[in-house]
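A.B. asks: Residue numbering for the sequence shown follows UniProt numbering, beginning at 1 and increasing consecutively. Ideal placement from N, C-alpha and C gives every residue a C-beta, glycine not left out. These numbers come from a predicted model, not from an experiment. Pasting a structure here, questions to come.
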Amino acid sequence: MSKDIRIKRGLTLRLEGEAEKELIKAPRSKTYAIKPPDFHTVVPKMVVKEGAKLLAGDEIFYSKYTDQIRFTTPVSGVLKEIKRGDKRRILEVIIEADPENVYRDFGKMDAAKADAKDVKERILESGCGAFIYQRPYDIVADPADTPKAIFISAATTAPLAADKGFIIKDKIEAFQEGINALRKLTPGKVHLCVDDSSAEYLKNIQGVELHHVKGPHPAGNVGIQIHKIDPINRGERVWTVGVEDVAIIGNVFLTGEYRAERTIAVTGSEAENRKYFQAIIGANVADFIGEVSDSVRIISGDVLTGTQLSNGQHICFHDNEVTMIPEGDNYRLFGWLPFTYNNIHSNSRTSLSWLFPNKKYTPTTNLNGEERALVVTGEMEEVLPMDVYPMQLIKACMAGNIEKMENLGIYEVAPEDFALVEYVNTSKLEIQEVIRLGLDLMITEVG
Numbered sequence: 001m002s003k004d005i006r007i008k009r010g011l012t013l014r015l016e017g018e019a020e021k022e023l024i025k026a027p028r029s030k031t032y033a034i035k036p037p038d039f040h041t042v043v044p045k046m047v048v049k050e051g052a053k054l055l056a057g058d059e060i061f062y063s064k065y066t067d068q069i070r071f072t073t074p075v076s077g078v079l080k081e082i083k084r085g086d087k088r089r090i091l092e093v094i095i096e097a098d099p100e101n102v103y104r105d106f107g108k109m110d111a112a113k114a115d116a117k118d119v120k121e122r123i124l125e126s127g128c129g130a131f132i133y134q135r136p137y138d139i140v141a142d143p144a145d146t147p148k149a150i151f152i153s154a155a156t157t158a159p160l161a162a163d164k165g166f167i168i169k170d171k172i173e174a175f176q177e178g179i180n181a182l183r184k185l186t187p188g189k190v191h192l193c194v195d196d197s198s199a200e201y202l203k204n205i206q207g208v209e210l211h212h213v214k215g216p217h218p219a220g221n222v223g224i225q226i227h228k229i230d231p232i233n234r235g236e237r238v239w240t241v242g243v244e245d246v247a248i249i250g251n252v253f254l255t256g257e258y259r260a261e262r263t264i265a266v267t268g269s270e271a272e273n274r275k276y277f278q279a280i281i282g283a284n285v286a287d288f289i290g291e292v293s294d295s296v297r298i299i300s301g302d303v304l305t306g307t308q309l310s311n312g313q314h315i316c317f318h319d320n321e322v323t324m325i326p327e328g329d330n331y332r333l334f335g336w337l338p339f340t341y342n343n344i345h346s347n348s349r350t351s352l353s354w355l356f357p358n359k360k361y362t363p364t365t366n367l368n369g370e371e372r373a374l375v376v377t378g379e380m381e382e383v384l385p386m387d388v389y390p391m392q393l394i395k396a397c398m399a400g401n402i403e404k405m406e407n408l409g410i411y412e413v414a415p416e417d418f419a420l421v422e423y424v425n426t427s428k429l430e431i432q433e434v435i436r437l438g439l440d441l442m443i444t445e446v447g
């Protein structure tokens with residue numbers, strides 16, 4: 001029997017361009033990429049050189065500071081290029097793929113019967129440790145830690161986000177095996193949060209505590225769910241894993257192979273083929289969207305938290321969505337006047353769009369204003385369903401005041417939890433970046 005979590009504060013953004021629930025096998029990309037910047041705080045140390053022949057599942061680099069955290073190739077092929085940036089920082093590891101995958105054989109293992117030490121080692125050697133993140137700080141989990149609980153969010157509330165129920169419905173066996181493996185990693189509970197869509201497929205999963213989540217975005221964020229179910233205190237660790245990532249972990253135990261499959265939803269008002277594609281992690285975005293004009297913004301992820309891509313780049317490691325919206329390159333005449341433009345969404349009711357709560361909108365990348373001072377309006381608290389003071393925490397992060405950050409709840413938050421705060425805030429500050437810098441300071445000074 002599930003336990004209900006009802007979220008009242010938040011905001012549901014209804015946008016044009018939802019993907020049809022039709023699954024298509026994506027064309028196989030010529031190249032795939034693993035991007036170390038996708039793993040915040042990880043400094044990669046390469047174990048192979050350009051030109052090396054690889055099997056799917058072979059290690060390509062590991063974390064400099066935690067060598068147990070290994071990163072493996074999602075496809076077989078040849079390591080084509082190691083792209084570097086300033087100070088020779090590795091930006092991308094590009095693999096030229098074989099026509100068909102040839103997998104490294106890790107050997108089958110019954111996770112439910114295996115020893116916890118063997119289960120952890122299998123997860124790490126196969127590269128699946130990259131899927132497990134820790135709170136606080138929202139970084140790749142340290143294998144030396146023992147989390148008090150593990151959280152998996154199968155609830156979908158972000159605008160145009162891929163439906164997690166649709167993604168997982170054909171992977172239930174692998175998902176269950178992944179749960180069996182994750183249970184070995186914690187003495188506490190494995191919490192599974194579902195919504196109406198995913199509950200239909202995951203209601204019979206064994207070994208989890210089931211929670212039914214209802215409410216507007218960000219109810220689907222795992223950070224909000226942790227806050228409501230088992231809040232984090234100083235010195236505690238909670239691990240989080242994505243729904244499809246649990247199935248990938250399960251497949252390693254069921255088949256002995258690292259099958260890095262990723263279901264990608266192509267969404268947004270500017271996308272022509274809005275469907276779900278069965279692909280592989282690190283695929284080239286051009287294989288899903290074709291030719292795109294310069295007036296379109298391509299985003300790996302959703303409109304609130306995603307990363308901008310150019311056509312021909314590779315999808316980020318954790319994302320199962322590509323969003324396409326118009327660039328905000330137009331100037332609105334007298335845009336500062338209220339009730340002038342009523343075809344855009346406004347949370348502060350400066351347009352008449354609030355009279356049509358079910359209307360869908362086509363967003364652009366316009367900021368609709370410039371950076372300005374923080375003003376106490378109460379708008380932040382309306383969309384952040386956590387017992388924290390968002391404005392005060394933002395100011396503490398900007399000032400680098402560690403004591404205040406601790407007292408105001410920095411251990412419980414991640415940048416994505418402040419995405420809506422950034423959206424509605426009239427200051428136009430990059431609030432997610434501010435929170436990320438605050439978390440980085442805590443990692444350096446507190447650990």
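So residue 276 is in the beta strand (DSSP E); what residue range does that whole segment cover?
C.D. replies: Note, residue 276: beta strand (DSSP E), 276-280.
A.B. asks: Taking the beta strand (DSSP E) that residue 178 belongs to, which residues open and close that run?
C.D. replies: Per DSSP, residue 178 belongs to no beta strand (DSSP E); it is in the alpha helix (DSSP H), 172-182.
A.B. asks: Use the C-beta contact count for residue 29: other C-beta atoms within 10 angstroms, 16 or more gives buried, fewer gives exposed.
C.D. replies: Residue 29 should be labelled buried.
A.B. asks: At a cut of 8 Å, does the stretch 376-390 reach the stretch 355-368 through at least three beta carbon pairs?
C.D. replies: These segments do not touch.
A.B. asks: Which stretch, first to last residue, makes up the beta strand (DSSP E) that contains residue 151?
C.D. replies: That run of the beta strand (DSSP E) goes 149-154.
A.B. asks: Going by CA-CA distance only, name the one from 20, 284, 267, 22 that's closest to residue 296.
C.D. replies: The shortest Cα separation from residue 296 among 20, 284, 267, 22 belongs to 267.
A.B. asks: Using only the alpha-carbon positions, how far apart do residue 363 and residue 357 sit?
C.D. replies: One C-alpha to the other measures close to 16 Å.
A.B. asks: Closer than 7 Å by C-beta to residue 320: which residues in its own chain qualify, once you throw out the five before and the five after it? Chain order, please.
C.D. replies: Taken in chain order, the residues that qualify are 162, 167, 244, 262, 263, 264, 265.
A.B. asks: Helix, strand or coil, according to DSSP, for residue 144 in the structure here?
C.D. replies: Coil.
A.B. asks: Which same chain residues, not among the five before or five after residue 68, have their C-beta less than 6 Å away from its C-beta?
C.D. replies: 124, 143.
A.B. asks: Below 6 Å CB to CB, which residues in the same chain sit around residue 193 once its five sequence neighbours on both sides are set aside?
C.D. replies: 153, 155, 211, 213, 225, listed in sequence order.
A.B. asks: Using the three-state DSSP reduction, which class does residue 116 fall into: helix, strand or coil?
C.D. replies: In this structure, residue 116 counts as helix in the three-state DSSP scheme.
A.B. asks: Just to confirm the assignment, what range does the alpha helix (DSSP H) spanning residue 225 have?
C.D. replies: It spans 222-229 - the alpha helix (DSSP H) in which residue 225 sits, taken as one unbroken run.
A.B. asks: Classify residue 115 as buried or exposed, calling it buried when 16 or more other Cβ atoms lie within 10 Å of its own Cβ.
C.D. replies: Counting Cβ neighbours within 10 Å, residue 115 comes out exposed, since fewer than 16 surround it.
A.B. asks: Output needed for residue 20: all residues of its chain with C-beta closer than 7 Å, excluding positions within five of it in sequence on either side, in chain order.
C.D. replies: Closer than 7 Å at the Cβ level, and outside the excluded window around residue 20, lie 274, 275.
A.B. asks: With distances taken from CA atoms, which of 277, 235, 98, 373 is nearest residue 148?
C.D. replies: The shortest Cα separation from residue 148 among 277, 235, 98, 373 belongs to 235.
A.B. asks: Since residue 62 sits in a beta bridge, which residues does DSSP pair it with?
C.D. replies: According to DSSP, residue 62 bridges with 45, 70.
A.B. asks: Which of the three DSSP states is assigned to residue 444 in this structure?
C.D. replies: Helix.
A.B. asks: How many whole angstroms separate the CB atoms of residue 219 and residue 409, which I take to be in contact at a CB cut-off of 8 Å?
C.D. replies: Wrong, their Cβ atoms sit about 18 Å apart, outside the cutoff.
A.B. asks: Let me check one thing: in DSSP terms, what residues is residue 107 bridge-paired to?
C.D. replies: Residue 107 pairs with nothing; no bridge assigned.
A.B. asks: Exposed or buried, residue 187, counting other C-beta atoms within 10 Å across all chains shown (16 or more means buried)?
C.D. replies: Its Cβ having fewer than 16 others within 10 Å, residue 187 is exposed.
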